[in-house]
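Visitor: My structure is below; once you've seen it, I'll send some questions.
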Ligand SMILES: Cc1cc2nc3c(=O)[nH]c(=O)nc-3n(C[C@H](O)[C@H](O)[C@H](O)COP(=O)(O)OP(=O)(O)OC[C@H]3O[C@@H](n4cnc5c(N)ncnc54)[C@H](O)[C@@H]3O)c2cc1C
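Numbering (UniProt numbering), first residue to last: 1 to 470.
Put into structure tokens, the structure is as follows:
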């Protein structure tokens, strides 16, 4: 097996099939660190990977830490689920662990100059068809938080915010949760800013597509090989590749003949559609200070919660749809798993008509006939990694020493951006609290997904069939 190739940061993309950010010369020795001197290779520069790099470089300023991603961190378009116009940053969780973690992350969003410019404290407005509101409020009380969080009867809630939600669908709604402490963040902007800070602090950023993991004779992970044949090595390889994680593990399992590497039932790659409308100036004035809107459903209603995000500074209002779909395809001869489409950009901008219709229906849940004339300008399919419980996986991989997993945002991972890396670092160092070790383990008992309304609910090709009901 050839060793890692020496390379310089200022050579061209053609020479290595990859672009490298930075101008410093490095040799194979920089990357192939001896085991006594830990080095970290992080596959994927979404929120899990970047947060990990950020916490590691701050704790170990002289460590060798490399982020590798198929897209440049400042590319015009990226496939990362974390790269987006805006994402909800809320601490309105009925699960106490994520409630506490989200409060911790939100505190950083509000106070740390690195994150603060990207956060907008607009509040959230959440129509609840279950006891969700009361469960969230109880969690906040138990955690000793005096956030401005209340549950209101529908008649009272719909008068708020100048009545902008008066035409929303309130069918079956028990009460409306209002939390003025929550809001949203400019996701792509914050991801770029934190990645840039990581590079300034000494993290290396390599733009290349990882084709497989590399192993030594004893099956320990030693790094990766890129599509163009470049080898990068480290004592710790951390997969933070989002929706692509199961495919990468499948390829690596086949190459190394170690079937234990496969994700199997643990991780499911799935997509969801987002769409945006361009508001006119007077509409922007009306909606610019609106809260994030959520329509919350129960498992019996068979829908995930559906959101309407406040307009960006360019006056674009965003929704996501109700269909969370798998894309089962042959990733190796005879091996079928759900995986994003096999193009560099996951075909994320090629959104078929039925999925655009899913966004129209999401929009109609909020603004009534007025919104029918709004100009829908952008649609994107965004891919994420899901677990049946929506828990992350932040864990050593049990089938290979030196290999770790940190991903599975399950459609709610962005808001934890400031703190994810703190917990990944604790995991790497065996210091994670036992409750989190169990919750985020690679190997754990996983209930089926029947109680999880956010779990993928269809197969993409079935939704595109002319007779499909959306
Ligand atoms: C439409 C949508 C809306 C969402 N809204 C919210 C929200 O409002 N609030 C919230 O908290 N969360 C939200 N989420 C969830 C959140 O965005 C994700 O859970 C989170 O961003 C996942 O982060 P990640 O780092 O695991 O993956 P990603 O952000 O997808 O990053 C993975 C990275 O790995 C790279 N990669 C993959 N394979 C390879 C390879 N072979 N070689 C090199 N690089 C590779 C990719 O290029 C990518 O940059 C939403 C998700 C979606 C899809």
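Quick reminder that beta carbons are idealized off the backbone N, C-alpha and C, glycines included.
1. Bridge partners of residue 286, per DSSP?
2. Return yes when at least one heavy atom of ligand 1 lies under 7 Å from the C-beta of residue 196, else no.
3. Who are the Cβ neighbours of residue 69 in its own chain at under 7 Å, not counting the five residues just before and after it?
4. Hey, would you say the C-beta of residue 88 is under 7 Å away from at least one heavy atom of ligand 1?
5. Look up residue 50 in the DSSP assignment and say whether it is helix, strand or coil.
6. When the Cβ atoms of the region 52 to 61 are set against those of the region 242 to 262, are three or more pairs found closer than 8 Å?
7. Whose CA, out of 317, 329 and 219, lies closest to the CA of residue 378?
8. Just mark residue 460 as buried or exposed, buried being the case when its beta carbon has 16 or more other beta carbons within 10 Å.
9. My understanding is that residue 272 touches residue 320, with C-beta atoms under 8 Å, so please give their C-beta distance in whole angstroms.
10. Hey, could you find the ends of the beta strand (DSSP E) residue 323 is sitting in?
11. Between the beta-carbon of residue 302 and the beta-carbon of residue 457, is there less than 8 Å?
12. Bridge partners of residue 379, per DSSP?
13. Pairing CB atoms from the region 99 to 109 with CB atoms from the region 408 to 418, are three or more of them under 8 Å?
14. Out of 455, 435 and 404, point me to the one whose CA is closest to residue 98's CA.
15. Output needed for residue 166: all residues of its chain with C-beta closer than 7 Å, excluding positions within five of it in sequence on either side, in chain order.
16. Would residue 291 pass as a contact of residue 124 if the rule is Cβ separation under 8 Å?
17. Going by other Cβ atoms of all chains shown within 10 Å of its Cβ, with 16 needed for buried, is residue 163 buried or exposed?
18. Ligand 1 heavy atoms versus the CB of residue 82: any closer than 7 Å?
19. Under the three-state reduction of DSSP, which class applies to residue 118: helix, strand or coil?
20. Does residue 358 pass the burial test, meaning 16 or more other C-beta atoms within 10 Å, or should it be called exposed?
21. If we count the other Cβ atoms within 10 Å of its Cβ and call it buried at 16 or more, is residue 369 buried or exposed?
22. Taking residue 400 as the reference, give the member of 81, 217 and 314 with the closest Cα.
23. Rounded to the nearest angstrom, how far is the Cβ of residue 270 from that of residue 338, given a contact under 8 Å?
24. Distance check for residue 332 and residue 245, CA to CA, integer angstroms please.
25. Given 7 Å as the limit, tell me if residue 424 has its C-beta closer than that to any heavy atom belonging to ligand 1.
26. Mind checking whether the beta-carbon of residue 407 lies closer than 7 Å to any heavy atom of ligand 1?
27. In angstroms with no decimal places, state the Cα-to-Cα distance between residue 229 and residue 212.
28. Threshold first: 4 residues or longer. Then list the alpha helix (DSSP H) segments lying entirely within the region 106 to 160, N to C.
29. Residues in its own chain within less than 7 Å of residue 423 by CB, not counting five upstream and five downstream?
30. Please classify residue 175: is it buried, with 16 or more other beta-carbons within 10 angstroms of its beta-carbon, or exposed?
31. Select from 450, 75, 72 and 119 the residue whose C-alpha is nearest the C-alpha of residue 300.
32. Cβ of residue 70 within 7 Å of any heavy atom in ligand 1?
33. Within 7 Å: the Cβ of residue 385 and any heavy atom of ligand 1?
34. Could you have a look at residue 226 and say whether DSSP puts it in helix, strand or coil?
35. Between the region 86 to 96 and the region 126 to 141, do at least 3 Cβ pairs fall closer than 8 Å?
Guide: A quick look at the data gives this:
1. Answer by DSSP bridge pairing: none, since residue 286 is not bridged.
2. no
3. 44, 45 and 207
4. yes
5. DSSP places residue 50 in helix when its eight states are reduced to three.
6. no
7. 317
8. The residue in question, residue 460, is buried, as its Cβ has 16 or more Cβ neighbours within 10 Å.
9. 6 Å
10. 316 to 326
11. yes
12. 275
13. yes
14. 435
15. 158
16. yes
17. exposed
18. Checking every heavy atom of ligand 1 against the Cβ of residue 82, one is found closer than 7 Å.
19. helix
20. buried
21. exposed
22. 217
23. 6 Å
24. 15 Å
25. Distances between the C-beta of residue 424 and the heavy atoms of ligand 1 are all 7 Å or more.
26. yes
27. 10 Å
28. Segments of the alpha helix (DSSP H) lying fully in the region 106 to 160: 132 to 142 and 154 to 157.
29. 394, 432 and 436
30. buried
31. Of 450, 75, 72 and 119, the residue nearest in Cα terms is 450.
32. Yes - ligand 1 has a heavy atom lying nearer than 7 Å to the Cβ of residue 70.
33. Yes - ligand 1 has a heavy atom lying nearer than 7 Å to the Cβ of residue 385.
34. Three-state DSSP puts residue 226 in a strand.
35. yes
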